[in-house]
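K.L.:
Numbering-wise, the sequence shown is residues 3 to 335 according to the numbering used here.
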Amino acid sequence: MSSFDPNLLPYFNPSVERRVCLITGGNSGLGYYTVLHLYLHGYVVYLAGRSQQRVQNAIELLKKEAAARRTKYTHAQLGKRFLGSLHLLQIDLLSLDSVEQAAKEFRQKEKCLHLLVLNAGIMAVPYGTTVDRFEVQLQTSYVSHFLLTDRLLGLMTSVESDEQDPRIIFVSSVGHWFAPFHFSLDYQFDYFPNIIFTLFRYGMAKCAGIHFVKSLARRHPSVLAVAVHPGIVLNTNLFSHLTHLPLIGTLFWVFFQIFDWLLGVSNEEGSYASVRCALSDGVDRPADNGKYYTTFGLEMTPSPVANNTVYADETWAWTVRQLDDRGHTIETL
Ligand SMILES: NC(=O)c1ccc[n+]([C@@H]2O[C@H](COP(=O)([O-])OP(=O)(O)OC[C@H]3O[C@@H](n4cnc5c(N)ncnc54)[C@H](OP(=O)(O)O)[C@@H]3O)[C@@H](O)[C@H]2O)c1
3 MSSFDPNLLP YFNPSVERRV CLITGGNSGL GYYTVLHLYL HGYVVYLAGR SQQRVQNAIE
63 LLKKEAAARR TKYTHAQLGK RFLGSLHLLQ IDLLSLDSVE QAAKEFRQKE KCLHLLVLNA
123 GIMAVPYGTT VDRFEVQLQT SYVSHFLLTD RLLGLMTSVE SDEQDPRIIF VSSVGHWFAP
183 FHFSLDYQFD YFPNIIFTLF RYGMAKCAGI HFVKSLARRH PSVLAVAVHP GIVLNTNLFS
243 HLTHLPLIGT LFWVFFQIFD WLLGVSNEEG SYASVRCALS DGVDRPADNG KYYTTFGLEM
303 TPSPVANNTV YADETWAWTV RQLDDRGHTI ETL
């Protein structure tokens with residue numbers, strides 16, 4: 003168990019320095035706790051989600067949870083620890099048009115972006131393609147986040163701050179090891195049985211995200227870009243598809259509970275890798291740009307495939323070409 007303590011990370015006073023974060027998938031699971039800590043540390047946080055209702059409900063709960071935690075602060079701590087604010091941003095990562103619309107709306111609302119947390123994802127779902135003709139896991143976790151980053155990077159590179167540099171965190175997974183040794187985003191892995199090949203598709207999406215931050219670090223060194231594996235966190239909605247399968251779903255549920263008991267961390271602990279990379283002065287440019295961090299924010303080497311810069315370049319070129327073919331020309335990246 004790590005001795006990581008989020009209360010030791012820097013606090014920002016939003017009335018002196020307004021620091022803005024956009025996070026995808028902040029309404030549940032690990033993302034929820036990432037938002038909680040950023041909010042408690044003074045960040046203005048935009049929760050970008052597809053369900054207005056779920057995001058609004060999460061915002062209400064987050065406000066209550068933050069207020070409860072602040073009752074435990076001492077008088078001196080209350081004078082130094084400032085609450086930020088929470089806002090809804092509508093986005094559906096399964097649609098590139100929705101990503102464009104969300105980015106446009108955000109640019110109208112904010113002049114700067116200090117922190118972009120690319121957290122949303124889905125896992126182990128059946129093979130399917132989006133309206134934009136990408137595999138669903140690939141678009142949710144990776145392609146839409148690539149486009150979103152392109153549309154918002156201008157707000158990050160224009161940040162003038164004597165505090166921390168702007169940061170991008172891609173929430174990857176240890177599952178990136180499932181990406182095949184000969185890597186190409188052209189592989190669809192639409193084979194039977196889904197239970198095996200869906201993991202290959204998940205692995206490809208999460209590996210592409212690590213390639214993405216490695217390329218970002220080289221191409222845009224003024225922004226700190228890192229990837230994280232949050233930990234094994236089996237009580238989030240990520241596993242819902244498997245645990246709701248008829249009959250075998252119960253077996254999955256039992257297996258996950260045992261696995262969780264042996265190796266898992268709580269939902270809140272699962273947020274710590276992102277929270278540390280977002281707030282810590284110990285993660286910094288240029289030394290840490292493009293790195294991969296695991297549970298509790300410990301540095302780790304990703305798989306050889308994820309670490310391969312030739313593959314990273316190919317992933318980048320593939321994504322730019324595919325987005326261009328669909329009328330979403332990359333402008334900034
Ligand atoms: N849990 C783990 O053990 C684990 C391990 C490694 C990596 N991760 C990664 O950690 C991240 C968070 O996962 P989690 O475990 O916290 O799962 P979760 O509770 O299911 O959270 C996923 C979030 O992504 C959002 N999302 C999914 N599809 C979306 C879409 N089309 N548009 C916008 N938002 C969408 C979900 O929104 P809705 O509520 O609207 O569905 C939800 O807020 C994921 O990227 C996952 O791959 C998790």
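Beta carbons are placed, not taken as given, at the ideal position from N, Cα and C, and that holds for glycine.
Keep in mind that this is a model prediction, so the values were computed, not measured.
Name the DSSP bridge partner or partners of Arg-169?
P.N.:
Partner(s): Leu-117 and Leu-226.
K.L.:
Whole alpha helix (DSSP H) runs in the stretch 210-258 with 4 or more residues, listed along the chain?
P.N.:
Counting whole runs of 4 or more residues, the stretch 210-258 contains the alpha helix (DSSP H) stretches 242-245.
K.L.:
Step through the CB atoms of chain B and report whether any lies within less than 7 Å of the CB of Phe-183.
P.N.:
Among the chains of the structure shown, chain B does not appear; only one protein chain is present.
K.L.:
Got a sec, what are the start and stop residues for the alpha helix (DSSP H) Gly-272 sits in?
P.N.:
Segment 269-272, the alpha helix (DSSP H) holding Gly-272.
K.L.:
Would you identify the three-state DSSP class for Thr-296, choosing helix, strand or coil?
P.N.:
Reduced to three states, the DSSP call for Thr-296 is strand.
K.L.:
Can you give, in chain order, each stretch of the beta strand (DSSP E) that sits fully within the stretch 107-156 and has at least 3 residues?
P.N.:
117-120, all fully within the stretch 107-156.
K.L.:
Flag this pair as yes or no: are the beta carbons of Leu-236 and Arg-287 separated by less than 7 Å?
P.N.:
For Leu-236 and Arg-287, no; Cβs fall outside 7 Å.
K.L.:
Report all residues from its chain with a CB closer than 7 Å to the CB of Tyr-75; omit the five preceding and five following residues, and keep chain order.
P.N.:
Result list for Tyr-75: Arg-83, in chain order.
K.L.:
To the nearest angstrom, how far is the alpha carbon of Phe-298 from that of Trp-263?
P.N.:
When rounded, the distance between both Cα atoms is 18 Å.
K.L.:
Taking only three categories from DSSP, how would you classify Thr-321?
P.N.:
Of the three classes helix, strand and coil, the one that applies to Thr-321 here is helix, per DSSP.
K.L.:
Grab me the residues of Gly-28's own chain with a C-beta within less than 6 Å of its C-beta, minus the 5 sequence neighbours each way, in chain order.
P.N.:
Once the five neighbours on either side are set aside, the close Cβ partners of Gly-28 are Val-37 and Leu-49.
K.L.:
Within 10 angstroms of the Cβ of Glu-271, are there 16 or more other Cβ atoms? Answer buried if so, exposed if not.
P.N.:
Counting Cβ neighbours within 10 Å, Glu-271 comes out buried, since at least 16 surround it.
K.L.:
Does ligand 1 have a heavy atom nearer than 6 Å to the CB of Asn-291?
P.N.:
No, since every heavy atom of ligand 1 falls outside the 6 Å radius drawn around the Cβ of Asn-291.
K.L.:
Pull up the distance between the alpha-carbon of Ser-273 and that of Gly-156, whole angstroms please.
P.N.:
C-alpha separation (whole angstroms): 27 Å.
K.L.:
For Ser-30, tell me which candidate among Cys-23, Leu-40 and Ile-61 has the shortest Cα-Cα distance.
P.N.:
The candidate whose alpha carbon is nearest that of Ser-30 is Ile-61.
K.L.:
Please check the pair Leu-88 and Tyr-41, which I expect to be a contact at CB under 8 Å, by giving their CB distance rounded to whole angstroms.
P.N.:
Confirmed, about 6 Å.
K.L.:
Alpha carbon to alpha carbon, what distance is there between Ala-68 and Pro-8?
P.N.:
Computed Cα separation, rounded: 14 Å.
K.L.:
Inspect the CB distances between the stretch 174-189 and the stretch 241-257 and report whether three or more fall short of 8 Å.
P.N.:
Contact fails: fewer than three Cβ-Cβ distances are below 8 Å.
K.L.:
Whole angstroms is fine: what's the gap from Val-230's alpha carbon to Asp-315's?
P.N.:
The alpha-carbon atoms of Val-230 and Asp-315 are separated by roughly 20 Å.
K.L.:
Please indicate yes or no: does the CB of Pro-232 lie closer than 6 Å to some heavy atom of ligand 1?
P.N.:
Pro-232 Cβ: within cutoff of ligand 1.
K.L.:
Could you tell me the distance, in whole angstroms, from the CA atom of Gly-51 to the CA atom of Val-101?
P.N.:
So the two alpha carbons sit approximately 11 Å from each other.
K.L.:
With a threshold of 16 other CB atoms inside 10 Å of the CB of Tyr-317, please say whether the residue is buried or exposed.
P.N.:
In the sequence as displayed, the identity of residue 317 is Thr instead of Tyr. Its Cβ being crowded by 16 or more others within 10 Å, Thr-317 is buried.
K.L.:
Going by Cα to Cα distance, which pick from Phe-172, Glu-162, Asn-196 and Tyr-204 is closest to Pro-182?
P.N.:
Checked all of Phe-172, Glu-162, Asn-196 and Tyr-204; the closest Cα to Pro-182 is Tyr-204.
K.L.:
Have a look at Phe-199 and Gln-139 and give me their C-alpha separation to the nearest angstrom.
P.N.:
One C-alpha to the other measures close to 12 Å.
K.L.:
For Arg-109, which of Glu-137, Ser-217, Thr-151 and Val-256 has the nearest alpha-carbon?
P.N.:
Of the listed residues, the one whose Cα sits closest to Arg-109 is Thr-151.
K.L.:
Using the rule of at least 16 other Cβ atoms within 10 Å of the residue's Cβ for burial, across every protein chain shown, is Ser-143 buried or exposed?
P.N.:
Flag for Ser-143 reads buried.
K.L.:
Any heavy atom of ligand 1 inside 6 Å of the beta-carbon of Phe-268?
P.N.:
The question names Phe, yet the displayed sequence has Ser at residue 268. Ser-268: no, Cβ never under 6 Å from ligand 1.
K.L.:
Have a look at Ala-104 and Leu-98 and give me their C-alpha separation to the nearest angstrom.
P.N.:
Each residue's Cα considered, the two are about 10 Å apart.
K.L.:
Taking DSSP as the reference, what is the three-state secondary structure of Gln-54?
P.N.:
Helix.
K.L.:
Would you report the Cα separation of Cys-209 and Ala-78, rounded to the nearest angstrom?
P.N.:
Rounded to whole angstroms, Cys-209 to Ala-78 spans 44 Å at the Cα level.
K.L.:
Sorted by chain position, which residues of the same chain lie with C-beta nearer than 8 Å to Val-127's C-beta, five sequence neighbours on each side aside?
P.N.:
So the qualifying residues of the chain are Val-138, Gln-139, Thr-200 and His-243.
K.L.:
Considering only residues of the stretch 38-99, which uninterrupted beta strand (DSSP E) runs meet the minimum length of 3 residues and lie entirely inside it, listed in chain order?
P.N.:
The qualifying runs are 46-51 and 87-92.
K.L.:
Which two residues bound the contiguous beta strand (DSSP E) that contains Val-22?
P.N.:
Val-22 -> beta strand (DSSP E) spans 22-26.
K.L.:
Please return the same chain residues whose Cβ sits closer than 6 Å to the Cβ of Arg-278, not counting the five positions on each side in sequence.
P.N.:
Closer than 6 Å at Cβ, skipping near neighbours: Gly-299.
K.L.:
Keeping to the same chain, check which residues put their C-beta closer than 6 Å to that of Gly-292; ignore five residues upstream and five downstream.
P.N.:
Contacts found: Val-215, Lys-216 and Ala-219.
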